[in-house]
Amino acid sequence: MADRPTTPAVSPDDTDLALLDTLLAGDVPRRREQLRPARLHSAAEQRRVALRPYLLRTWLDHALHIAERTLVISAAAIFLYWLADGYGRDWLHELRSAQPAQAAMEPASSTPTLRLPDTAPPAVSIDLPALPFTTPDMDSPPAESDFMSPQQVLAMPATADPRPQRLVMPTIGVDTPVKEVFVIDGAWQVADYAAGYHHGTTLPGNTGNTVLSGHAGLRGGVFRDLGDLRPGDDVMIETGGWSYTYRVRANKAVWPTQIEVMNPTQTPVLTLITCTNWDTQRLIVVADLISARPRS
């Protein structure tokens with residue numbers, strides 16, 4: 006087998022020497038300016054020089070960053086409070102309302118009672134002589150005097166409350182209690198989880214305008230479907246002793262400043278009010294009285 010030709014090994018020193026000879030033999034490039042010696046800078050100076058083309062954060066940027074964080078946290082806190090105050094309050098109300106109903110449906114458990122025998126001795130009747138200071142005339146009934154004897158005061162029968170106590174709208178499935186509301190700080194209150202009877206407006210069944218309002222969203226939202234009422238639908242109001250039936254005549258949206266919808270009328274009228282169009286307007290339902298009957 007023939008031997009392969011071998012290449013003589015070149016040491017690193019020989020390579021460096023050859024490169025140095027080549028550089029020395031070549032022409033030196035000419036420069037217009039003489040090379041300046043290198044200057045050493047600190048890390049901070051090098052960072053400043055490297056970031057010179059870019060905008061750096063100042064104290065104003067830090068202040069704006071803190072303000073942005075504060076606004077985001079505040080917005081999140083307000084949103085969580087809105088959820089808890091709205092949906093959380095509704096959930097608690099439904100839970101508390103369901104507990105009495107469930108307790109009423111459960112049968113009362115009969116608790117066995119233990120009756121102890123009568124251990125007291127039988128009473129014995131003993132005739133005792135009259136006391137020494139009594140006389141026969143003292144045992145006789147007193148003679149009627151000329152003065153008027155006090156008469157028993159008879160309790161007056163309780164009068165039925167003429168204010169609305171219950172509102173029923175079968176068409177939209179509403180059966181809710183009614184609470185009286187008042188003007189607080191220049192605005193009408195809105196009852197929670199009930200319809201609100203505006204204090205001072207006409208009582209049901211009388212000539213005039215009976216005004217009721219309610220929430221359309223949270224806090225029960227008893228009037229959330231009020232817009233589904235149409236002319237011809239019936240609305241019932243119950244008071245302490247009477248039940249009144251009204252028939253819807255109109256359904257419209259007005260601006261909050263149009264308070265004339267609550268003005269007195271010449272006939273018995275029922276006006277229902279709630280919010281609509283993202284709380285920018287008020288939904289008004291007007292109904293006329295058609296019948297009244299006493300509650301059994």
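To convert, take the position in the sequence shown, counting from 1, and add 5; that gives our numbering.
Where is the CB? At the ideal position from N, CA and C, for every residue including glycine.
As the structure is a computational prediction, the values presented were derived from the model and not from experiment.
Check each candidate in the options and name the one with the smallest Cα separation from residue i.
| i | options | result |
| --- | --- | --- |
| R235 | L223, R252 and R229 | R252 |
| W193 | T181, T206 and P182 | T206 |
| E265 | N214, G232 and D233 | N214 |
| L223 | D19, T27, R44 and A89 | A89 |
| G232 | M174, V274 and S79 | M174 |
| D166 | I242, R35, G226 and E73 | I242 |
| L217 | I189, D190 and V183 | V183 |
| Y92 | T63, L208 and G225 | G225 |
| L208 | L25, L28 and L275 | L275 |
Going by the CB atoms, is the gap between residue j and residue i shorter than 8 Å?
| i | j | result |
| --- | --- | --- |
| T285 | P169 | no |
| A292 | V240 | yes |
| G210 | A297 | yes |
| V186 | Y202 | yes |
| A255 | G219 | no |
| Q271 | T176 | no |
| L172 | T181 | yes |
Within the same chain, show all residues whose beta-carbon is closer than 8 Å to that of residue i, passing over the 5 residues directly before and after it, in chain order.
| i | result |
| --- | --- |
| P299 | G246, W247 and S248 |
| A258 | T281, N282, Q286, R287, L288 and I289 |
| A23 | none |
Within a Cβ cutoff of 6 Å, which residues of the same chain sit near residue i, ignoring the five residues on either side of it in sequence?
| i | result |
| --- | --- |
| A221 | F228, R229, T279 and C280 |
| L119 | Confidence at L119 is low in this model, with a pLDDT of 49, below 50, so its placement is unreliable and the value that follows should be read with caution. Closer than 6 Å at the Cβ level, and outside the excluded window around L119, lies no residue. |
| V54 | none |
| P269 | G213 and N214 |
| R44 | none |
Assuming residue i contacts residue j under a Cβ cut-off of 8 Å, what Cβ separation, rounded to an integer in Å, is found between them?
| i | j | result |
| --- | --- | --- |
| I295 | T250 | 5 Å |
Quiz item: Counting only runs that start and end within the region 241-299, where is the beta strand (DSSP E) found for 3 or more residues in a row?
Solution: The region 241-299 contains, as complete beta strand (DSSP E) runs of 3+ residues, the segments 247-259, 273-281 and 286-299 (chain order).
Self-check item: Residue ranges of each alpha helix (DSSP H) within the region 22-80, 4 or longer
Solution: Runs of the alpha helix (DSSP H) inside the region 22-80: 48-55.
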